[in-house]
Amino acid sequence: MKRLFATYGLTLTAIFTICVLAWSVFLIFLPQFSILERALVQPKRQLDSSIAATLALDAGTCISVLETQQDAETNDKNQSSGGLSIPSMGAMTAPSLMRAQTGRPYILQCDRATTLQAVVRRDETLLLADLYNLPKLKIETEAEIGSQIETARQIQTIARELEVRLKDAEAKANPYTWDNFQSLMTARNLPILPETLAAENAKFSNQVYSFLGLRYIEEDQVYVRIGLITLVRTLGFAAASTVLALFICYPIAYKIALATKPDRILWMMLILVIPYAIVELMRIYAWTTIIDNRGLLNSALDWIGAIDLDDGEAIQFKRSPLTVFIVLVYTYVLFLVFPMLNVMSTLDKNQIDAARDLGAGTTRIHRRIIIPHAKPGIVVGAIATFMLSAGAFSVPRIVSRGLQAEWFSQTIYNKFFESENSNVGAAYTIAFTIACFVLVAIVMWMTRTRLRDFVKVQS
25 MKRLFATYGL
35 TLTAIFTICV
45 LAWSVFLIFL
55 PQFSILERAL
65 VQPKRQLDSS
75 IAATLALDAG
85 TCISVLETQQ
95 DAETNDKNQS
105 SGGLSIPSMG
115 AMTAPSLMRA
125 QTGRPYILQC
135 DRATTLQAVV
145 RRDETLLLAD
155 LYNLPKLKIE
165 TEAEIGSQIE
175 TARQIQTIAR
185 ELEVRLKDAE
195 AKANPYTWDN
205 FQSLMTARNL
215 PILPETLAAE
225 NAKFSNQVYS
235 FLGLRYIEED
245 QVYVRIGLIT
255 LVRTLGFAAA
265 STVLALFICY
275 PIAYKIALAT
285 KPDRILWMML
295 ILVIPYAIVE
305 LMRIYAWTTI
315 IDNRGLLNSA
325 LDWIGAIDLD
335 DGEAIQFKRS
345 PLTVFIVLVY
355 TYVLFLVFPM
365 LNVMSTLDKN
375 QIDAARDLGA
385 GTTRIHRRII
395 IPHAKPGIVV
405 GAIATFMLSA
415 GAFSVPRIVS
425 RGLQAEWFSQ
435 TIYNKFFESE
445 NSNVGAAYTI
455 AFTIACFVLV
465 AIVMWMTRTR
475 LRDFVKVQS
């Protein structure tokens, strides 16, 4: 702090400090606390009071439709007897789908207005009537319209009383729950034909999932923990992309670091700066012209006679996970090259020459001199590449076009915006963040890298 005061003065240092604190509070901590709170709260539509409110609403709609139907039938009778009446309103009651030998048309709200509807609990499904000791009421289709209206009114009254009682109980209860996080670990039944079960069990991926407890068979039924499988697969793919990027970027960074200054500038301009002057989204879309069924790769294979595009022999590159890996590496390679390049540039070349004079081979020089010196840059670049790859959304979405398994970032997006279940999406976000941080901590522990070592990357 004294150094900051001496360099920038009291006023500028205070401004910098306030800006950093405001940025940390409003852009990091508060959003994270908001996400955490949402993850610990059950969605309102899943509360039993919401179920009761929906039941009362359905019963009220059913009453209105049935009364309209009843008035229409009364008017039709008056008109047929010669009396004056208003035109029939039968066309306004419900869709024309009729049930055989029933007293009314098909009305969705009347079918849903019942105390016998199922309420899902963690490991079982109960009836609303059994759960809260309610009368078992159902609007019978064959009954007279007046009787149906009376039953609907009883259901509406019961539902409203239940809603008030449940809202009062929910207001007094603890609002926080782990149910949203438990949904990530919930096992779902996966329908599989018996004749294909053996082939599915023989797949290597399914064997790995079974070993990890993410897939199991119970009473000849296959159960999978879809959320955890997506999470594990995404983290595995991100780690594989990081390793692939490391093998590609290490020789590039080494070559540029040992080059003379003019050659270094030329290499950086040709390999790194110019290609990445284009917007990231445009670079990703450019890959679609390469891997498309009639893209550059398939057209080249067709030109040399390896495939025939006219006969539909195009290779489905967009179905291959390797394509996503390559595009991820291409997209985020800068975040791995520059940290390594920055650290390797500080290496004294005399150490390499001395090692060669002592008879050390190329492999030993890299293992004993270059890699230990560049370790902070390698770890920082690998962490950045892994985090960006794990959270990538546009690359798997655009490249695969829905023809590959979802990445976890896509699952989170669907929870927030497709299924309108932001509470579960928030829980998935927190779990995903914790999993990534744990993996990063494990890598730092295995490589014996400390936070103070990262200063070398900036120096």
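Just so you know, we're using this note's numbering here: the sequence shown kicks off at 25 and counts up by one.
For each residue, glycine too, the CB sits at the ideal point set by N, CA and C.
Predicted model, so just to flag it, every value in this text is computed and none were measured.
- Three or more beta-carbon pairs separated by less than 8 angstroms link the region 152 to 165 to the region 129 to 141, which places the two stretches in contact.
- By the neighbour-count criterion, in which 16 or more other beta carbons inside 10 Å mark a residue as buried, residue 43 falls on the exposed side.
- Sequence-distant partners of residue 155 (beyond 5 residues in either direction) whose C-beta falls short of 6 angstroms from its own C-beta, in its chain, are 143.
- Pairwise C-beta distances place the region 209 to 225 in contact with the region 240 to 249, as three or more of them are shorter than 8 angstroms.
- For residue 205, same chain residues with a beta-carbon under 6 angstroms away, outside a window of 5 residues either side, are 451 in chain order.
- By the neighbour-count criterion, in which 16 or more other beta carbons inside 10 Å mark a residue as buried, residue 352 falls on the buried side.
- Per DSSP, the unbroken alpha helix (DSSP H) holding residue 409 starts and ends at 395 to 414.
- Between the region 79 to 88 and the region 171 to 186, the count of Cβ pairs shorter than 8 angstroms is three or higher; the stretches touch.
- For residue 138, the beta-bridge partners assigned by DSSP are 162.
- Counting of Cβ neighbours within 10 angstroms places residue 82 among the buried residues, the total reaching 16 or more.
- Secondary structure note for residue 177: its alpha helix (DSSP H) is the uninterrupted segment 169 to 196.
- Where residue 313 is concerned, the enclosing alpha helix (DSSP H) starts and stops at 304 to 315.
- Of all C-beta pairs linking the region 65 to 80 to the region 191 to 199, three or more are shorter than 8 angstroms, placing the two stretches in contact.
- Residue ranges of uninterrupted alpha helix (DSSP H) with 4 or more members, entirely inside the region 199 to 264 and ordered along the chain, are 203 to 209, 218 to 226 and 228 to 235.
- Assigned with DSSP and collapsed to three states, residue 65 falls in strand.
- Between the alpha carbons of residue 134 and residue 80 lies a gap of roughly 11 angstroms.
- A contact between stretches requires three or more CB pairs, one per stretch, nearer than 8 angstroms, and the region 31 to 49 fails this requirement with the region 432 to 443.
- The beta-carbon separation of residue 363 and residue 428, rounded to 30 angstroms, does not stay under the 8 angstroms limit for a contact.
- About 5 angstroms separates the Cβ atoms of residue 356 and residue 409, confirming a contact at the 8 angstroms cut-off.
- Sixteen is the threshold: since fewer than 16 other Cβ atoms of the shown chains lie within 10 Å of the Cβ of residue 391, the residue is exposed.
- For the pair residue 238 and residue 228, the Cα-to-Cα distance works out to about 13 angstroms.
- Proximity to residue 318 across 335, 263, 370 and 418 peaks at 335, based on C-alpha coordinates.
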